[in-house]
Amino acid sequence: MFDPYNLRQGTDCSGVWNDVLATALGRLIWGREAEGNTTEAYRYIPIGGVGPFGTIRVGSPKDIPADAAAKIAFHHEGSGGAASHMWGELDGMRIESAGSKGLVTGQAAWPIDHAYATAWAYLPGPISEGRSAADVLATAAGISVSSAQAILPTMQASLAAANCNSPLRIAMFVAQLGHESDSFRVTEEYGNGDTSTDRWKYKGRTWIQITWKENYARFGSWCYDRGLVPTRSCFVDNPTQLADMRWAGIGAAWYWTVERPDINALSDARNVTAVTYRINGGDNNLADRVSRYNRALAVGDELLALIQDDEEDSFMAALTEAQQKELLDNTRWLRNQLGPNLWGPESSFGKNAQGEELTQRDGIAELKRGVEALADRIDEFVYRSRTDITVDSK
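At position 95 of the sequence shown (counting the first as 1) the number is 101 in the numbering used here, and the numbers step up by one without a gap.
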């Protein structure tokens, strides 16, 4: 590795690329450059697999995307060591360290399609500064930016609720839910059977496809304990409610942390197969899940943008911790007073001319008008009664 205290000291081929990739990702720590510190660290990564720094192994330089941030070539031979070599380019600039050349850049360094190369990998790009959270989510999930923008608030809230606070956990969450929800297109299982049976009445809903009456009941009870729904049986009584986007992420977070509390630990271990079994009960469509996971994981530390607020745009940043707690307590009190907008026959204020449920404000205004009308009728009755008494007395 390079020595920050001796700029005359060079480094070998893997050392220079260790520092290049770490710097490109914004995580270079002098003296702690262990990730990808030898060419052998990349040697046994399968085609399509993820290697050090989130690099992705490919079978040919032609398979490297044009917008890759870094493109790397390798020569693997024998037991490694002096018989192995690596070189490449970062954002179009060739970089190589070799015994006969020293550290060179530009035309003096080999191109990645040099005949000596036997393997290749790339660091996904493009290189950009300050990508938005929606851009990061779009790349990680393989969806359009507009689609990512639409689901971003739900995704951010669900990641926080699921305690997905690292790139490994975020990548697993995005990959598994992306598979279960058809790339976040649906919150309800495809197909319609006999809804008189529990199988189809309580079919898969939310991004993680909560299924069966028992799970609906457990999730409803969990939500009730947190003041999110009016009754414990709300989803059992009204199962289609669970398909609402409001529950897409929080339902997934509940399953992730309550029903299968070891998923985050398995995510830390990069065990896609075990997580798939926890969610699906088998290894259904494992190849797609692995592909999604590799794509998300390749985004690297940028995934943390999905759990970080933009302090410049967040009014919460202007509040102290005590003020934030006071705001939360007051919000919960107000919500408990008003109740969530999950109307039952006994709590509805009625509907307007368009068939929409009246809000609390509509209901109070209607009640006020009713009271005023009743008061007018009482006044009229009293007036008439007095008039009748006066006439009779004469």
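Even glycine gets a Cβ: it sits at the ideal position worked out from N, Cα and C.
Straight through space, the alpha carbons of S66 and L143 are spaced by roughly 28 Å. Within the same chain, and ignoring the five residues on either side of Q247 in sequence, the residues whose Cβ sits closer than 8 Å to its Cβ are C240, F241, W253 and L348. Counting the other Cβ atoms within 10 Å of the Cβ of M161 gives 16 or more, which makes it buried.
The continuous alpha helix (DSSP H) containing W260 extends over residues M251 to W260.
In the structure shown, S103 adopts extended strand secondary structure according to DSSP, grouped into three states. If you ignore the 5 residues before and after L158, its C-beta comes within less than 7 Å of the C-beta of A139, A140 and L143, all in its own chain and listed in chain order. Taking 4 residues as the minimum length, the alpha helix (DSSP H) runs contained wholly in the region 201-237 are 204-207 and 219-231, in order along the chain. The alpha-carbon of A156 is positioned some 21 Å away from that of R301. Between P132 and A89, the C-beta gap is not smaller than 8 Å, which leaves the two residues out of contact. Contact annotation: the region 68-84 does not touch the region 160-177, with fewer than three C-beta pairs closer than 8 Å.
With fewer than 16 other Cβ atoms from the protein chains shown falling within 10 Å of its own Cβ, Y50 counts as exposed. For A127 against I62, the beta-carbon gap comes to about 6 Å, under 8 Å, which counts as contact. DSSP lists no beta-bridge partner residue for Y299.
By the beta-carbon neighbour count (other beta carbons within 10 angstroms, threshold 16), A28 is buried. Between A30 and F80 a beta carbon distance of about 18 Å is seen, past the 8 Å cut, so the two are scored as non-contacting.
When DSSP states are grouped into helix, strand and coil, F355 belongs to the coil group. Residue state for A125 is assigned as strand, using DSSP reduced to three classes. Distance from the CA atom of G94 to the CA atom of S152, rounded to whole angstroms, is 34 Å. For N198, the closest of E372, V26, K209 and S297 by C-alpha to C-alpha distance is K209. A straight line joining the alpha-carbon of D18 with that of A114 spans about 16 Å.
W23 sits buried, since 16 or more C-beta atoms from the chains shown fall within 10 Å of its C-beta.
DSSP, reduced to helix, strand and coil, places V56 within a strand of the structure shown. Excluding residues up to 5 positions away in sequence, N291, D294, R295 and R298 lie with their Cβ nearer than 7 Å to the Cβ of H185 in the same chain. Checking the DSSP bridge columns, you'll see E372 has no partner listed. Put simply, the backbone Cα of V278 is about 28 Å away from that of A223.
In the three-state DSSP reduction, H91 falls in the strand class (E or B). DSSP places F241 in the uninterrupted alpha helix (DSSP H) bounded by C240 to D243. Within the same chain, I53, I70, W126, A127 and Y128 come within 7 Å of V64 by CB-CB distance, once the 5 residues on both sides are set aside. In the structure shown, E194 falls within a strand segment according to DSSP collapsed to helix, strand and coil. The beta carbon of E308 is closer than 7 Å to those of R137 and V142 in its chain, skipping five residues each way along the sequence. T365 sits in coil when the DSSP states are folded into three classes, being neither helix nor strand.
In the assembly as shown, F190 is a buried residue. Its beta-carbon has 16 or more other beta-carbons within 10 Å.
Here the region 267-284 does not lie against the region 213-232, with fewer than 3 beta-carbon pairs under 8 Å apart. One Cα belongs to I370, the other to D382, and the distance between them is close to 18 Å. Sorting V192, V180, G55 and Y196 by C-alpha distance to the C-alpha of W262 places V180 at the top. Taking a 10 Å sphere around the C-beta of E327, we find fewer than 16 other C-beta atoms and assign the residue as exposed.
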